[in-house]
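The block underneath contains the structure these notes are about, expressed in structure tokens.
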Amino acid sequence: MAEINILIVDDDDMMLRMAEFVLGQNPRYNIIKANSGLQCLRVLQSGDKIDLILLDIQMPGMDGIKVMELIQKHDYWKQIPVMFLTASSDKHTVLKAGQMGAVGYIKKPFEPDDLILRVANAI
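Printed below as a string of structure tokens:
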């Protein structure tokens, strides 16, 4: 079975480690972590195959919305499914995520079973 590369982008180190631990239980998942929007773009520029991006919305510097805008402008990157991670349940944020082409969103703090199910459905 092919390995599935999941890029998790979050400035909260504890959230990154939690998501890595939960998703890392699946032997098919290869977890790649980035702690900023800029680091996310560097990973994408490396040319490694990414099958799914879990992208935090609220990050200092370059937030997830700006990262998503840059992803959508790139011919190859825009084909990668993006799921937003958000601590906000604000309807505007959820609506904006959908309008930008996100395949869904996960509310933080997440339930491990919910994360596993949503990631499996997105892939």
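Per the working numbering, residue 12 is the first one in the sequence shown, and the count goes up by one each step. No residue lacks a Cβ here, since even glycine has one placed at the ideal position from N, Cα and C.
In this model, I64 and P71 are separated by some 18 Å (Cα to Cα).
Judged by beta-carbon spacing, V33 lies within the 8 Å limit of P123, meaning their Cβ atoms are closer than that value. Non-local C-beta neighbours of S57 in its own chain, meaning closer than 6 Å and more than five positions away in sequence, are absent. About 6 Å separates the CB atoms of K118 and T97; that is less than 8 Å, so the two are in contact. Distance from the CA of L128 to the CA of M29, rounded to the nearest whole angstrom, comes to 15 Å. Annotated three-state conformation of M73 is coil, per DSSP.
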